[in-house]
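Contents: one structure, followed by commentary.
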Amino acid sequence: AKAEERGTIRFFEAAMDQHIREKRLLQRDLVVAVENKQFQLYFQPQATTEGAVVAFEVLLRWQHPERGIISPTVFIPLAEESGLIGAIDEWVVREACREAATWVNPLSIAINLSPVNFQRGDVPGMLAAVLAETGLCPKRVEIEITEGVLIDDFAGAIAILHAVKELGVRVAMDDFGTGYSSLSYLQAFPFDKIKIDQTFVAKLEDNPQSAAIVHAIIGLGRSLKLPVIAEGVETVAQLSFLAAEGCAEIQGFLIGRPQPIAHYQSVVSTLDGT
Ligand code: C2E
Ligand code: CA
Ligand code: CA
Ligand code: CA
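Numbers 524 to 797, taken from the UniProt record's numbering, label the letters of the sequence shown in order.
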């Protein structure tokens with residue numbers, strides 16, 4: 524048994540070494556990616572339950588020269604660890620605002636900001652500078668943050684959110700229901716919108732607990748007078764449930780996948796989106 528155990532451990536260590544090497548390689552490539560702007564913005568529509576597009580969420584993709592498109596679930600954590608996330612999120616905000624400023628249809632954009640930038644960067648200053656530079660109306664910008672933003676420095680985070688809202692930018696709580704303290708954060712922080720996490724939406728049809736949670740979050744939004752958006756909506760059955768519950772907006776493959784903006788040109792270049 525001892526020898527067998529040692530074998531397992533050696534195998535495990537080898538796998539760990541491989542994993543760490545892989546991570547270092549990607550982290551090194553990421554530095555080059557930031558310098559050479561190997562990123563592309565994808566846009567995913569957010570719509571009313573009747574299907575009218577009201578906004579686009581901006582989702583980042585890394586176009587790696589050898590590996591092809593890399594998901595943000597892979598490179599955002601690497602960027603957060605290595606301190607590159609400040610430059611990346613600022614680039615996203617600037618490019619997204621620049622893009623939205625060209626639209627005939629004045630739809631909003633929802634931008635994800637890493638919790639790390641709330642702890643280290645000057646988020647309100649960065650937003651103010653980009654808004655001034657691009658001339659985009661602040662009312663058309665919403666930032667999506669997860670509760671990770673709020674954990675370390677409670678008072679500091681509240682001050683930052685107020686400064687962001689002072690600019691006229693809205694703030695949505697992303698991945699609602701997955702964190703530890705979502706409810707108390709809702710009380711303490713000045714959110715404009717609640718985004719139901721897609722894990723609850725995915726199980727709506729065959730898991731009564733998920734349906735009950737989604738029902739409760741929409742009711743909570745109604746009581747707090749906060750609009751609720753559901754993400755990850757893939758089926759008509761999910762849409763019907765959410766519409767019947769009074770969910771304000773939906774986002775997901777059913778309405779449209781994240782795509783380069785060219786794919787949605789007809790939506791952004793005419794006033795009614797038809
Ligand atoms: P998120 O903000 O929770 O984004 C939702 C994710 O769900 C996106 O994955 C989106 O492509 C995916 N999705 C949308 N509709 C559906 C659907 O109907 N079904 C399913 N199964 N999935 C759907 P993506 O684009 O891979 O992004 C993953 C995460 O990476 C995002 O989660 C966000 O936390 C982060 N991220 C993306 N772009 C940025 C960025 O510019 N800056 C920062 N800091 N984080 C970003
Ligand atoms: Ca998001
Ligand atoms: Ca989310
Ligand atoms: Ca998420």
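Idealized CB from N, CA, C, for every residue including glycine. Quick caveat: nothing in here was measured; it's all calculated off a predicted structure.
Annotated three-state conformation of Ala734 is helix, per DSSP. Annotation for Asp698 indicates a beta carbon within 8 Å of some heavy atom of ligand 3.
Distance check between Ala753 and each of Pro731, Ile778, Arg547 and Ser746 places Ile778 closest, using alpha-carbon atoms only.
Counting C-beta atoms within 10 angstroms of its own C-beta, Arg533 has fewer than 16 neighbours from the protein chains shown and is therefore classed as exposed. About 6 Å separates the CB atoms of Asp715 and Val694; that is less than 8 Å, so the two are in contact. Distances taken from the Cβ of Lys716 to the heavy atoms of ligand 2 include none shorter than 8 Å.
At least one heavy atom of ligand 3 falls within 8 Å of the beta-carbon of Asp720. Positions of the alpha helix (DSSP H) runs, each at least 4 residues long and wholly inside the segment 672–742, are given as 677–689, 705–711 and 721–725 in order along the chain. DSSP places Trp626 outside both helix and strand once states are collapsed to three, so it counts as coil.
By the criterion of at least three beta-carbon pairs nearer than 8 Å, the segment 653–665 is in contact with the segment 628–637. Between Leu762 and Thr572, the beta carbon gap of about 7 Å places them in contact (Cβ cut-off 8 Å).
Rounded to whole angstroms, the gap between the alpha carbons of Leu727 and Ala767 is 13 Å.
Look at Ser637: its beta carbon is less than 8 Å from one of the heavy atoms in ligand 1. DSSP, reduced to helix, strand and coil, places Thr657 within a helical segment of the structure shown. Inter-residue distance for Ala686 and Pro647 is about 6 Å (C-alpha atoms, whole angstroms).
No heavy atom of ligand 2 is found nearer than 8 Å to the CB of Glu665.
In this structure, Ile668 and Met696 form a Cβ contact; the two beta carbons are roughly 7 Å apart against a cut-off of 8 Å.
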